[in-house]
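Enquirer: I'd like to ask you about the structure that follows.
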Amino acid sequence: MTTTAPAPATTGITNTLTASRLPKWAPWAILAGSWAVAGGVFAIVMLSAGGGYPIVGAVVFGTVLFNIMLFVLSYLVEGGRQARNRLVTSLVVTAFLIALIPLLSLVWTVLGNGIARFDPAFFSQSMRNVVGEGGGALHAITGTLLITGMATLISVPVGLLTAIYLVEYGQGPLARAITFFVDVMTGIPSIVAGLFAFAFFSLITGDPGIRFGFGGAVALSLLMTPVVVRSSEEMLKIVPNELREAAYALGVPKWLTILKVVIPTSIAGITTGVTLAIARVIGETAPLLIVAGFTASMNYDLFNDRMMTLPVFVYTQYSTPGTDVQTYLDRAWAAALTLVLIVMALNLFARLIARFFSPKLGR
Amino acid sequence: MTTAIPRAKVRPADRIFSGSTLFAGVLILVALAAVALFLIVQSIPALVADPAELEGSPTSFWAYVAPLAFGTVWAAALALLFAFPLSIGIALFISHYAPRRIAQGLGYIIDLLAAVPSVVFGLWGIKVLAPFLTPFYDWLVSNFGWFPLFAPPVSGTGRTVLTVAVVLAVMIIPIITALSREIFLQTPRLHEEAALALGATRLEMIQIAVLPFGRAGIISAAMLGLGRALGETMVVAMVLSPAVVISFVLTSSTNPSTIAGNIALKFPDAYGVGVNALVATGLILFIITLVINSIARFIVNRRKAFSGAN
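Just so you know, the protein sequences line up as chains B and F, in that order. Each residue of the first sequence is one higher than the one before, starting from 1 at the first, in the numbering used here. Each residue of the second sequence is one higher than the one before, starting from 1001 at the first, in the numbering used here.
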């Protein structure tokens, strides 16, 4: 017989929980090593071929090398299962970091390019009779505020009442249909909303080329209402039933219970939802391009004539530059910066409301 | 003798209030029906008109729509191809890999991508991404020109369907991520712990507990992302250099335009039956996205607890 007893003396006592694992620092060391190797290789290539240093290529190449090295080393030391686990872990982290690249690049370029014309003149002048330098976006900012304000005025009552219907009254097929189609409406392409507003108003006014601000507000409220419904519905649902029952027990009618108990309890969440909905539609370009049109002059009247808005201002400054392309681009970037700042401010405001004013439901 | 249960007095104010909430709910359904109705009414002139009056004098209205419909689906499908694996990875990272304490903050950061207006994405795509990708396209076409997708000649400006698809992918990543993150977080805790207790690695736990639980949700998340990519307008209008072709080539300067992008480019100067033709293409886009969204919502609604809007 060739069978022999195991030879414990050569391996010593093995703890199966820690044996054959890579040490904790190993992935970081491999990452640093891979980037160093990739950086070195690219430096040599650059020295021989000339040209700028391709830092993006070096990082990408180094990361790929890191994944391969980690997988191979882990496969040799820890076996296939751990190796696959490590590979997927690093891929998942990489996916997150890849998504950050466009965000950082976007913020960087919008800030860097927008700051050139981010001056008082930009906020105090319109584009009337401006062909070269100077000019501003006052008419566009006014238009954006008017149209978005009007859209908010339309969609908040409709959206909030619908949410109340769904949570407090609605039962049966009608409520289910409304819920389903509200969800479907969140996916309507914005340009279709613009086309609808155009088709609607051009038919009822008989003007085949109609352009006015109120049409833009209608288009935006078509996009905004479903968002308001969904967020308000969520907020009304989390109001505890005990509060409603306490009110009913005191003889308060249902409509007063909703107005005086349910809505005040959830008002912070509803405000957050409405603010986020405003932030979503304030940057919409396509429907306003279709039905509100564009102009270089101030227009305070929602019901007459074309009205400029900030997103459309960005688009027209980019798409129809005059003889001096750079000044038009600078204005486009400055308007883009303004728009991004407005949206970020609205988002921040919404989160702050949610944090500080929501009722403390935990015990 | 039975005692009648005392009924609550019906107050007029109650009637008015519940009636007005019902009115608002029905108004939303009416609005959706009105969208379809008015688009159809405005499209009919284009459908019955002599095709020679349409732009480019196509043989029929459908020959006019075909390249646009192809471009719409092609660009959106490419965007989904890029965005889907990344989004699932990000969602898994936030739900199962990142440290608990910072996971929510990381979620907000991804949501910020969704907050950036599309026109800013368009400006970024044409001024930053397209020049950045141009040398890469040159290399791709000179080395892989034999492959049909990269057939020469290369675009000199980077305004290709591939650039558009990358920007669209960036825009739909937050949508797919948000929904699949919600789904992954709903995996029953006990399933996960049972898998781990049997000695599964984290990857195996995700394979046997998380992914099977969320499969339907992941599919509908991808479809909602696809719906958004189909309807995205400004990026296509600003970045793409369009042509009336049906072509799969990713890196050339003659790209099929999309329905939404074409409307944004042509509508401001359109007149007469041209306006009706553009509205008709919009109607087709509306129907496509409505069908895709309805299927996705139908799948999601079978698990009631989540929706993409929050």
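Every residue, glycine too, gets a C-beta built ideally from N, C-alpha and C. Because the structure is a prediction, the values reported are computed rather than measured.
Do residue 1093(F) and residue 96(B) come within 8 Å of each other at the CB atom, strictly closer than that value?
Expert: Taking 8 Å as the Cβ cut-off, residue 96(B) and residue 1093(F) qualify as a contacting pair.
Enquirer: In or out: residue 260(B) buried (at least 16 other Cβ within 10 Å) or exposed?
Expert: Answer is exposed; the Cβ neighbour count stays below 16.
Enquirer: Rounded to the nearest angstrom, how far is the Cβ of residue 314(B) from that of residue 339(B), given a contact under 8 Å?
Expert: That pair is a contact at about 7 Å.
Enquirer: Could you please give the first and the last residue of the uninterrupted alpha helix (DSSP H) stretch that includes residue 1014(F)?
Expert: That run of the alpha helix (DSSP H) goes 1012-1048.
Enquirer: Ignoring anything shorter than 4 residues, give me the alpha helix (DSSP H) runs that lie fully in the stretch 167-221 of chain B, in order along the chain.
Expert: Fully enclosed alpha helix (DSSP H) runs of 4 or longer: 172-185 and 190-205.
Enquirer: Can you have a look at residue 1150(F) and say buried or exposed, based on whether 16 or more other CB atoms are within 10 angstroms of its CB?
Expert: So residue 1150(F) counts as buried.
Enquirer: Pairing CB atoms from the stretch 1123-1138 of chain F with CB atoms from the stretch 1202-1220 of chain F, are three or more of them under 8 Å?
Expert: In short, these stretches do not touch, since the Cβ pair count stays below three.
Enquirer: Answer with yes or no whether the minimum CB distance from residue 347(B) to chain F is below 8 Å.
Expert: Residue 347(B) counts as touching chain F.
Enquirer: Mind listing the chain F neighbours of residue 106(B)? Cutoff is C-beta to C-beta under 9 Å, in chain order.
Expert: Near residue 106(B) (Cβ distances below 9 Å), the residues of chain F are 1113, 1116, 1120, 1121, 1124, 1128 and 1170.
Enquirer: For the alpha helix (DSSP H) that contains residue 262(B), what are its first and last residues?
Expert: Segment: none, residue 262(B) is in no alpha helix (DSSP H) and carries neither H nor E.
Enquirer: What's the C-alpha gap between residue 185(B) and residue 1109(F)?
Expert: Rounded to the nearest angstrom, the two C-alpha atoms are 26 Å apart.
Enquirer: If I follow the unbroken alpha helix (DSSP H) through residue 80(B), where does it start and stop?
Expert: From DSSP, the alpha helix (DSSP H) with residue 80(B) extends over 80-114.
Enquirer: Any Cβ of chain F within less than 8 Å of the Cβ of residue 109(B)?
Expert: Yes, residue 109(B) lies at the interface with chain F (some Cβ there is under 8 Å from its Cβ).
Enquirer: Would you decide whether residue 1309(F) is buried or exposed? Buried here means 16 or more other CB atoms lie within 10 Å of its CB.
Expert: Caution is warranted here: a pLDDT of 37 is assigned to residue 1309(F), below 50, making its placement in the model unreliable, and the coordinate value is therefore given only provisionally. Under this definition residue 1309(F) is a buried residue.
Enquirer: Residues of the stretch 1009-1024 of chain F in Cβ contact with chain B at a cutoff of 7 Å, in chain order, please.
Expert: Answer in chain order: 1011, 1013, 1014, 1017, 1018, 1020, 1021, 1022 and 1024.
Enquirer: Excluding the 5 residues flanking residue 1130(F) on each side, which residues of the same chain have their C-beta closer than 7 Å to its C-beta?
Expert: Hits under 7 Å: 1157, 1158, 1159, 1163 and 1239.
Enquirer: Would residue 1279(F) count as contacting chain B if we go by Cβ distances under 8 Å?
Expert: Chain B, which has a Cβ nearer than 8 Å to the Cβ of residue 1279(F), makes this yes.
Enquirer: Using the beta-carbon of each residue, which ones in chain B are nearer than 8 Å to residue 1086(F)?
Expert: Simply 95, 98 and 99.
Enquirer: Starting from residue 125(B), follow the alpha helix (DSSP H) in both directions and report where the run begins and ends.
Expert: Neither: residue 125(B) is in no alpha helix (DSSP H) and is coded neither H nor E.
Enquirer: Can you tell me whether residue 270(B) is buried or exposed? The criterion is at least 16 other CB atoms within 10 Å of its CB, across all chains shown.
Expert: That one is buried.
Enquirer: State the Cα-Cα distance for the pair residue 215(B) and residue 60(B), rounded to the nearest angstrom.
Expert: Each residue's Cα considered, the two are about 48 Å apart.
Enquirer: Let me know if residue 347(B) comes out buried or exposed under the rule of 16 or more other beta-carbons within 10 Å of its beta-carbon.
Expert: Its Cβ being crowded by 16 or more others within 10 Å, residue 347(B) is buried.
Enquirer: Kindly indicate which three-state DSSP category residue 1098(F) falls into: helix, strand or coil?
Expert: Of the three classes helix, strand and coil, the one that applies to residue 1098(F) here is coil, per DSSP.
Enquirer: Using a C-beta to C-beta distance shorter than 9 Å, which residues of chain F count as neighbours of residue 326(B)?
Expert: Within chain F, no residue comes near residue 326(B); the closest Cβ sits about 12 Å away, beyond 9 Å.
Enquirer: Ends of the alpha helix (DSSP H) at residue 1087(F)?
Expert: Where residue 1087(F) is concerned, the enclosing alpha helix (DSSP H) stretches over 1061-1092.
Enquirer: Is residue 187(B) close to chain F? Criterion is C-beta to C-beta, closer than 8 Å.
Expert: Yes, its Cβ sits closer than 8 Å to a Cβ of chain F.
Enquirer: Could you work out which residue in 218(B), 116(B) and 141(B) is closest to residue 133(B) when comparing CA atoms only?
Expert: That would be 116(B), whose Cα lies nearest to the Cα of residue 133(B).
Enquirer: For residue 1013(F), I'd like the list of residues in its chain whose CB is within less than 7 Å of its CB, leaving aside the five on either flank, ordered along the chain.
Expert: Taken in chain order, the list of residues that qualify is empty.
Enquirer: Of all the CB atoms in chain B, is at least one closer than 8 Å to the CB of residue 1310(F)?
Expert: Reliability fails at residue 1310(F), whose pLDDT of 35 lies under 50, so the model's placement of it is uncertain and no value is given.
Enquirer: Rounded to whole angstroms, what's the CA-CA distance from residue 22(B) to residue 81(B)? Just pull it up for me.
Expert: Whole-angstrom Cα-Cα distance: 13 Å.
Enquirer: Short of 8 Å in beta carbon distance, which residues of its chain neighbour residue 1037(F), apart from the five on each side in sequence? Order them along the chain.
Expert: Cβ neighbours of residue 1037(F) beyond the five flanking positions: none.
Enquirer: Smallest Cα separation from residue 1180(F): which of 1064(F), 1066(F), 1139(F) and 1089(F)?
Expert: The candidate whose alpha carbon is nearest that of residue 1180(F) is 1089(F).
Enquirer: Please state the DSSP three-state secondary structure of residue 120(B).
Expert: Reduced to three states, the DSSP call for residue 120(B) is helix.
Enquirer: Consider the Cβ of residue 29(B): report whether some Cβ of chain A lies at a distance smaller than 8 Å.
Expert: Protein chains in the displayed structure are B and F, and chain A is not among them.
Enquirer: Between which residues of its own chain and residue 1306(F) is the CB-CB distance below 6 Å, once the five residues before and five after are set aside?
Expert: With a pLDDT of only 47 at residue 1306(F), under the threshold of 50, the placement of this residue in the model should not be trusted; the figure read from the coordinates follows. Excluding positions up to five away in sequence, the list reads 1182.
Enquirer: Classify residue 1006(F) as helix, strand or coil using the three-state DSSP reduction.
Expert: Note: residue 1006(F) maps to coil in three-state DSSP.
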